[in-house]
Structures are given as C-alpha cells and as structure tokens.
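Participant:
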Amino acid sequence: MRLHHVGVAVTNLNEAIARYERMGLRLAHREVVASQEVEVAFVGEGPFVELLAGTSADSPVSKFVVKKGPGQHHLAFAVPSIAEELKRQAAAGAKLIDRVARPGAWGRQVAFLHPENQGGVLVELVEDHAG
8 MRLHHVGVAV TNLNEAIARY ERMGLRLAHR EVVASQEVEV AFVGEGPFVE LLAGTSADSP
68 VSKFVVKKGP GQHHLAFAVP SIAEELKRQA AAGAKLIDRV ARPGAWGRQV AFLHPENQGG
128 VLVELVEDHA G
C-alpha cells in the first residue's frame, strides 16, 4: 500500500487548477466521474493532488463543501486488489463505506473506508496493480 493522492474539495475547479499550476504542479489528468457526481483534476506527478468539484448540489463533494468548506477531503492509497484489501480492512475492524469496488477516475476501481475509525479521515482505496 502506498499513498496515491490527497483529495481536496474545491468550489471552482478551473481556479484551483490554476492555483496549483502557479505553484509549479502540472495538470496530469481531468475527467468527470458521473457515477460520483464529481469532476476531478489530478495535479503533480504522483503522489497526486486530486481536486474535486461537485457537478450537482446534491453530490457528496458539494455537500461536503457546504458543510465544512473547501479543503482536504480524503487520503487515497494504491492497493493491488480492492477485493483483497476490503477483506483485510473488514477483518481489522474498519468500517467500510463500500463492500465492493466502484468505478473511479482513470478507469480504476475504488472503495472508501469510513472516517469514523480511520482517525477522522475518509480513506479511499485505489486499485493499482503496481500496488
């Protein structure tokens, strides 16, 4: 398991990308993940900063920004197998948001662990066969 990215919720994706580009990071990837009602942009060379902007007022990211303001949203870790890691996390007592993987950015499978017993941090698992 290794750090894949830090997710940062933003109100304006274009402005956020420009801010990180001024810091010297380049845009690596941008896409809409319709199933999660979010548009994402990855900046940097990895580990990445994933900028997230909700595509509707009802999206989880939009609700997060309304409740807590823009800022750090989650930490994501690359794992070789989501299914195996979810089994391992469940056996270790983690509260799972997802019991099975779902589609994420870059065509990768992802799953989330509840912040309740992750030290208050939402954790995303990203399937990456390089691990």
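According to this note's numbering, the residues represented by the sequence shown are 8 to 138, in order. Note that CB positions come from ideal geometry on N, CA and C, so glycine has one too.
My parser needs the beta strand (DSSP E) runs of 3 or more residues fully inside the stretch 33 to 77; what are they?
Facilitator: As far as the stretch 33 to 77 is concerned, its whole beta strand (DSSP E) runs of at least 3 residues are 34 to 40, 45 to 50, 55 to 61.
Participant: For His81, tell me which candidate among Ala90, Leu58, Glu52 has the shortest Cα-Cα distance.
Facilitator: Leu58
Participant: For His12, is the classification buried or exposed, using 16 other Cβ atoms within 10 angstroms of its Cβ as the cut-off for buried?
Facilitator: buried
Participant: Do Val68 and Ala112 have their C-beta atoms within less than 8 Å of each other?
Facilitator: Between Val68 and Ala112, the C-beta spacing is not below 8 Å.
Participant: Assuming Leu132 contacts Ala101 (C-beta within less than 8 Å), just tell me the rounded distance between them.
Facilitator: Not quite, the Cβ-Cβ distance comes to about 10 Å (not below 8 Å), so this is no contact.
Participant: For the beta strand (DSSP E) containing Leu103, list its first residue and its last residue.
Facilitator: It is not in any beta strand (DSSP E) - Leu103 carries neither H nor E in the DSSP assignment.
Participant: Can you give the Cα-Cα distance for Gly51 and Val17, rounded to whole angstroms?
Facilitator: Rounded to the nearest angstrom, the two C-alpha atoms are 17 Å apart.
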